[in-house]
Structure formats: C-alpha cells, structure tokens
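Heads up: take any position in the sequence shown, counting from 1, add 82, and you land on this note's numbering. Single-structure report; data block below.
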Amino acid sequence: MKILCKDQLEEIRPKMAGGEGECTVHHILPAECAYGSGRLFAVNTLQPGCSVGYHKHQGEYEVYYILEGVGHVTEDGVEYDLAAGDMMQCRDGSSHSIENRTDKPLRFLALIINVRDPE
83 MKILCKDQLE EIRPKMAGGE GECTVHHILP AECAYGSGRL FAVNTLQPGC SVGYHKHQGE
143 YEVYYILEGV GHVTEDGVEY DLAAGDMMQC RDGSSHSIEN RTDKPLRFLA LIINVRDPE
C-alpha cells in the first residue's frame, strides 16, 4: 500500500485538546489503515504561541518525536523542553501538553497507540 503526500489528509484543529491557537495535523497513516493498533500517525505543526492542551490518555499512549523547533512539555505536572531529535512518551493513564514558546514553528511526529492486554 502506498499513500502519496498529495493524498494524505491535512487538517487545522483550533484549540486542540483545549490548547491555544491552531495545530496543523498532517495525517500520514489513516486510523482505519492501522488495523486497530492506534488512532494517530501524523506530523503536527504548532506556530509560535500555539499549543496542544493538557489531556489524559486512557487505554492508549502517545509518542512525540520532535522534527524541528523546541517544544515545552508538561507531563504529569513535570515541565521540560524537547528539541529536534528528542522524544517523549505519555504512558497510559498519564496526562501531557506541548507548547511552542519560541518564535519559530514546532514540527513533531505524533503517534497514538492502543494498549493491548497481554494474552
């Protein structure tokens, strides 16, 4: 299967998860093509001053991999910065947010993967 860039969905989500401004979400793999393993595989872009609000993951976890810029993350009340090449994992039951506090765009790969019960 291939999905050309021109065929990938891109959407603008205002106030994503209660955040500030807009988040551009470029979907790389549609959820329906992930065989139930997850619901998001996308490159997100936050312009300066924009954020994804603080939210909790239940029955899933989220991974961010920073492609460009610097993101200020709050994860379960702990704050830290991530730069290009850094990643974070918000585990099942945890909460997090990411904010662009710089004057340059922040681009990051975002994956939301379902937690499977051990068999």
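Cβ atoms here follow ideal geometry from the backbone N, Cα and C, with glycine treated the same way.
Setting aside the 5 residues that flank it on each side, M169 is surrounded in the same chain by V145, Y146, Y147 and I148, each with a C-beta closer than 8 Å to its C-beta; the list follows chain order.
With respect to the 8 Å criterion, G101 and S133 are classified as neighbours on the basis of their beta carbons.
Under the three-state reduction of DSSP output, A116 falls in the coil class, being neither helix nor strand. Its Cα nearest to that of T106, the residue P187 stands out among P187, D199, V197 and I194. Note on C87: under 16 other CB atoms within 10 angstroms of its CB, so exposed under the neighbour-count rule. Rounded to the nearest whole angstrom, the CA to CA distance from N182 to Y117 is 32 Å. Burial check for S179: the Cβ neighbour count within 10 Å reaches 16 or more, so the residue is buried.
Apart from the 5 residues on each side of it in sequence, I94 sits with its Cβ closer than 7 Å to the Cβ of E104 and T106 in its chain, given in chain order. Counting only residues of its own chain and dropping the five nearest sequence neighbours on each side, Y162 has a CB closer than 6 Å to the CB of V155.
Listed in chain order, the non-local C-beta contacts of S119 below 7 Å within the same chain comprise I195 and N196, local neighbours out to five positions each way being set aside.
For M98, the closest alpha carbon among the candidates A166, H137, D185 and G175 is that of H137. Pairing D185 with L128, the inter-Cα distance amounts to about 11 Å.
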